[in-house]
Structures are given as structure tokens and as C-alpha cells.
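Note sheet for the following structure.
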Amino acid sequence: MRGEVLHYDEAQGFGFIHGADGNRYTFVAEDLRRQMPMEKGAVVEFQPNGDKARAIFTIRAAAADDAAPATPWQPGPTPMEPAAAAPTAPPHFGRLAVADAGRPRSTGLWAYFRRGLTENYATFRGRARRKEYWGYFLFWTVAALAICFIGLFVDGAAGNLDSSDGPLLTMAALGLFVLATLLPGVAITVRRIHDMGLSGWFYLLVFVPYIGALIVFVFTLLPSQRQDNRWGSVPEGIRL
1 MRGEVLHYDE AQGFGFIHGA DGNRYTFVAE DLRRQMPMEK GAVVEFQPNG DKARAIFTIR
61 AAAADDAAPA TPWQPGPTPM EPAAAAPTAP PHFGRLAVAD AGRPRSTGLW AYFRRGLTEN
121 YATFRGRARR KEYWGYFLFW TVAALAICFI GLFVDGAAGN LDSSDGPLLT MAALGLFVLA
181 TLLPGVAITV RRIHDMGLSG WFYLLVFVPY IGALIVFVFT LLPSQRQDNR WGSVPEGIRL
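Numbering (UniProt numbering), first residue to last: 1 to 240.
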């Protein structure tokens, strides 16, 4: 008997055929004589068996303007075969820490300054090598000088340099900069003291008159402790 395909679900493997006798027949993938695309509207020949169609084969494909575009079936995970999770990069810590792009963290002076004002803004734990400490304060000094230069230029244009109040804009801008960077400056000094195996409480020596600040300054000049200590692992870039 001849008929027309009404529907075929390739994923489930069953469909319906409208026969020339006006009846509707069901079929499954095993009823196809050979594996072939069964598009809606295709004309087929089959052998009726009750309300089922057997030995089906296509004699004319569906017209291009009538057939809906067939979507190829992609096998999905079965209940006994869950979809594989997307692989994730293994975490790294300490000296093996890497940047999001997969490259090692930069140990340049500018990178230390930038991290000191961002991710390490109020970080008192851990260690800071000598290069990190002096790289931070190098760019801190450059930034402070730039603020002074720009502030004096603006004050001069505004005529403040000739007034009794002095360069108000310069003093205000520099004061805000010092206030904003006070906490990260203390934090990196504490981490620098940790790097030598000493407690960060030694920072309080800066309040000792005359010699306290000098002692802390000497601490910042000493090399890193070349082994892990209670405050962290050896900083990146230190050759053991």
C-alpha cells in the first residue's frame, strides 16, 4: 500500500503514516527496510498489518517547499550515562598560583604596585619580598610627585600660589592620596616583616621616638627568609 509520512521522531524511533485507504498506521524504526530519512510528506510503500505498517520504503521524498527542515538527532546522555562535566583547571596555591589567563603572576614593579592597591589593599597576612615592597613605594612616590606637579599647575592657573592660603588644591589632593594609601602601605610593611620570619607587631616600633622608624626601615632592607615560615611560603621569584 502507498501512503504519506505524517510524522517521524528519529530520536524515539516511531512515526505515523496516512495510508491510501484513509487509515493511519504507526511504525517503528525496525519496520524500515533500510535506514533512510523519513521526512514529513514523503511518499512510501508499506505492508499494512492491522494498524501498523511493515516493510516500509520511500518511493518519493517530500517536496522541498512542503518539507520542514530536518534537524539531525544528536545522541544525549542516558540515565546510566550522565553527561560529562566541563573540565576545570586545577587550583594552585602559593608559588604555583597562576593568573586567570594561565600565565604566571607578574613579578614586575608595576604589578606589585597595582596589586598593593587592589587585591592586597588590606592584606596583613602572608609575605612580601623586598622587590615587592620597594616596587610598591617606588610607584607610590612617582604618583605623589605627579599629584604635586598637577596640583601646583592648577593652583598656579587659579592664582592660589599668590594668595595667603597657599596651594590649597595641591595640599588637598596630596592629603587625600596619602589617606587613601595609608592602609595598603602599612599592610605591605607588615608583610615585609613577615617575610623575614618576624611578627608583624614589630611595625609598632615606628611609634618609638628617634630610632623606631629607623629600625623598621632596616627591616625592609633585609633579604627574604629562604624557606617557608609561619606566615606563608617563599614569595614568587625568590631563588632557593
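Ideal Cβ positions, reconstructed from N, Cα and C, are used throughout, including at glycine.
Just so you know, these numbers come straight off a predicted model, no measurement behind them.
{"Query": "Proximity to Phe217 [Cα-Cα], best of Arg130, Ile59 and Arg226", "Result": "Arg130"}
{"Query": "Bounding residues of the alpha helix (DSSP H) (the contiguous stretch that carries Ala144)", "Result": "Arg130 to Ala158"}
{"Query": "Touching by the beta-carbon criterion (3+ pairs, under 8 Å), the segment 188-208 and the segment 223-236", "Result": "yes"}
{"Query": "Residue closest to Arg2, alpha-carbon to alpha-carbon, out of Tyr8, Arg24, Thr141 and Gln225", "Result": "Arg24"}
{"Query": "Collapsed DSSP secondary structure at Glu119 in the structure displayed", "Result": "coil"}
{"Query": "The segment 167-186 touching the segment 110-128, judged by at least three CB pairs closer than 8 Å", "Result": "yes"}
{"Query": "Length of the line joining the Cα atoms of Leu169 and Gly151", "Result": "6 Å"}
{"Query": "Inter-stretch contact at 8 Å, needing at least 3 Cβ pairs: the segment 28-42 / the segment 8-16", "Result": "yes"}
{"Query": "Three-state secondary structure assigned by DSSP to Leu109", "Result": "helix"}
{"Query": "Chain-order list of residues whose beta-carbon lies under 7 Å from that of Pro48 (same chain, five-residue window excluded)", "Result": "Met1, Gly19 and Tyr25"}
{"Query": "Backbone secondary structure at Val234 - three-state DSSP", "Result": "coil"}
{"Query": "Beta carbon proximity, Ser233 to chain C, threshold 9 Å", "Result": "Absent here is chain C; the protein component of the structure consists of one chain."}
{"Query": "Gly212 and Leu205 closer than 9 Å at C-beta", "Result": "yes"}
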